[in-house]
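Okay, structure first, notes after.
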Amino acid sequence: MGNMDIAPDLILDVKGLTKHFPIERGFLKKVVGHVRAVSDVSFSVKKGETLGLVGESGCGKTTTARMIMKAVEPTAGSVRFRTDQGVVDMAKVDRRELKAIRRDMQMIFQDPYSSLNPRMTVQEIVGEPLGNYGYSAEESKKRVQELLALVGLNPKYLSRYPHAFSGGQRQRLGIARALALDPSLIVCDEPVSALDVSVQAQILNLLKDLQDELGLTYLFIAHDLSVIRHICDRVAVMYFGRIVELADTDILFNNPLHPYTKALLRAVPDPDPREEWLGGVICGEIPDPTKEMVGCSFSPRCAYVQKQCEQICPQLIDVATQGEQTHQVACHLVAEATGLRKEA
Ligand SMILES: Nc1ncnc2c1ncn2[C@@H]1O[C@H](COP(=O)(O)OP(=O)(O)O)[C@@H](O)[C@H]1O
Ligand SMILES: [Mg+2]
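In short: position in the sequence shown from 1, add 175, done, that's my numbering.
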């Protein structure tokens with residue numbers, strides 16, 4: 176594992192991450208085009224924080240997560256991750272090194288119904304990662320009981336099957352499994368999206384408590400802004416494969432700058448149904464991901480679109496850096512308004 180520095184407070188640093196999925200046709204699997212799932216995504220995650228990744232379905236959140244986990248090979252870009260042994264370039268690790276890194280980087284999935292094998296017992300599900308790392312049956316049983324207690328489940332449930340559990344309890348099992356090898360970073364891909372609202376809050380609180388107790392870092396993916404607001408320190412807003420705005424959670428919710436973020440925030444329905452909903456439905460079409468887009472991908476739907484927006488793709492730039500705070504936006508008009516205009 177080579178040592179390539181990232182800032183000492185960072186655990187993850189992603190630069191220019193891009194994924195074009197080939198579209199194959201026919202018996203010979205001829206490549207007839209590409210789906211541009213993720214384009215030039217850059218961000219970093221500080222040790223101990225929760226960075227949110229929010230955007231509509233299909234905008235590239237899961238693909239970004241899978242590239243970080245090295246479950247999908249990036250078309251371009253780099254992922255650097257800090258382990259106990261130093262910083263690794265994920266593109267350069269081999270199978271053996273990846274196994275060691277997987278201890279430190281785990282994932283929690285959206286659907287606790289399909290992500291747990293129905294034919295495996297709790298001991299087998301939660302203990303599976305332990306078996307791959309040389310734990311004996313005895314040690315594994317002890318560790319699984321410990322983990323069940325940690326996520327608020329009865330340690331006596333070892334021999335039960337997933338169908339005996341509710342959605343929330345299943346997600347607790349998924350969390351216990353992710354924690355088995357004592358990771359430092361957990362990528363949570365919509366971990367509460369499939370759960371009832373009342374259960375969502377319990378799971379979010381559990382994740383927060385575990386973070387405090389175990390010093391975990393989260394990359395937290397969601398399409399729901401209220402969930403993001405509840406748990407994240409900073410938020411990256413994704414639109415059509417790109418990050419369009421990245422800021423501290425308070426700043427993002429109180430002073431959104433990108434027209435897409437503004438529209439998203441307006442679209443959060445009022446919790447009181449008697450109030451008239453002034454929601455900003457975002458009009459216009461989403462671009463075709465199989466076609467190359469020249470300008471800003473939000474320009475076909477943007478109320479403030481100008482000529483340059485259709486010609487030049489805006490870069491994500493710092494618009495206000497005060498002390499430790501971050502606020503980055505990819506919008507020509509915002510850049511112009513703040514006097515920071517840069518041609519890409
Ligand atoms: N394996 C794949 N092959 C081809 N296209 C894919 C594949 N996985 C995802 N995509 C496409 O990439 C885009 C982003 O998908 P995804 O990362 O799953 O978005 P999200 O998680 O934000 O809903 C979508 O257009 C999706 O159809
Ligand atoms: Mg997804």
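Don't be surprised by glycine CBs; every beta carbon is placed ideally from N, CA and C.
Please read these numbers as outputs of a predicted model, since none were measured by experiment.
Assigned exposure category for residue i - 16 Cβ within 10 Å defines buried
i	result
His338	exposed
Arg449	The predicted position of Arg449 is uncertain, since its pLDDT is 41 and thus under 50; no value can be drawn from it.
Gly235	buried
Asp447	Its pLDDT being 47, under 50, Asp447 is placed unreliably by the model, and nothing is read from it.
Asp364	buried
Val469	exposed
Gln486	exposed
Tyr332	buried
Arg241	buried
Gly454	At Gly454, the pLDDT of 41 sits below 50, so the modelled position is not reliable; the number obtained from the coordinates is stated separately. So Gly454 ends up on the exposed side.
Asp259	exposed
Ala512	exposed
Gly201	exposed
Ser315	buried
Pro293	exposed
Glu248	exposed
Glu224	buried
C-beta contact flag for residue i and residue j at 8 Å
i	j	result
Leu192	Val207	no
Pro489	Arg211	no
Leu491	Ile418	yes
Thr250	Lys194	yes
Gly342	Val301	no
Arg257	Ile181	yes
Arg345	Pro287	yes
Leu291	Ala411	no
Leu440	Gln481	no
Val362	Ile243	yes
Pro358	Asp423	no
Ile283	Ala397	no
Gln285	Pro366	yes
Val262	Ile276	no
Leu381	Arg347	yes
Nearest neighbour of residue i, chosen from the options [CA to CA]
i	options	result
Leu421	Met242, Val220 and Lys194	Val220
Tyr435	Tyr414, Gly227 and Gln377	Tyr414
Ala355	Ala376, Glu321 and Val374	Glu321
Ile198	Tyr479, Gln500, Lys466 and Asp493	Lys466
Gly327	Thr258, Leu379, Cys506 and His209	Leu379
Leu389	Gly261, Leu203 and Lys222	Lys222
Lys383	Ile403, Val372, Asp371 and Gly342	Ile403
Gln500	Gln281, Asp408 and Gly416	Asp408
Gln298	Val319, Ile283 and Met280	Val319
Ser368	Leu394, Arg352 and Asp399	Asp399
Ala266	Ser253, Ala275, Gln260 and Ile276	Ser253
His502	Phe473, Tyr479, Pro475 and His433	His433
Ser214	Arg352, Cys471, Ala353 and Lys274	Cys471
Ala351	Ala275, Leu385, Ala438 and Phe202	Leu385
Gly233	Leu360, Pro462 and Arg476	Pro462
Gln377	Leu394, Phe395, Leu391 and His405	His405
Pro431	Leu185, Thr239, Leu325 and Val504	Val504
Thr296	Phe340, Leu360, Gln281 and Lys205	Phe340
Val189	Ser401, Phe218 and Ala495	Phe218
Gln161	Ala510, His209, Phe395 and Cys506	It is not possible to answer for residue 161, since the shown part of the chain is limited to 176 through 519.
Alpha helix (DSSP H) segment containing residue i, residue limits
i	result
Ala369	Taken as a continuous stretch (DSSP letters only), Ala369 belongs to no alpha helix (DSSP H), as it is neither H nor E.
Pro304	Val297 to Gly306
Asp425	Thr424 to Asn429
Ser290	Note, Ser290: premise wrong, no alpha helix (DSSP H); not H, not E.
Leu322	Ala312 to Leu325
Ser401	Leu400 to Ile406
Gln344	Gly342 to Leu354
Tyr435	Pro434 to Arg441
Cys484	Lys482 to Gln486
Reduced DSSP secondary structure (H/G/I, E/B, other) of residue i
i	result
Tyr414	strand
Val504	strand
Thr238	helix
Gln281	strand
Ser219	strand
Gln377	helix
Ile461	coil
Leu228	strand
Ile243	helix
Ser214	strand
Arg476	helix
Val509	helix
Ile276	helix
Leu389	helix
Leu333	helix
Asp493	strand
Run of the beta strand (DSSP E) containing residue i, from where it starts to where it stops
i	result
Lys267	From DSSP, Lys267 is part of no beta strand (DSSP E); its letter is neither H nor E.
His195	Leu185 to Arg200
Ile396	Thr392 to Ala397
Ser253	Ala251 to Thr258
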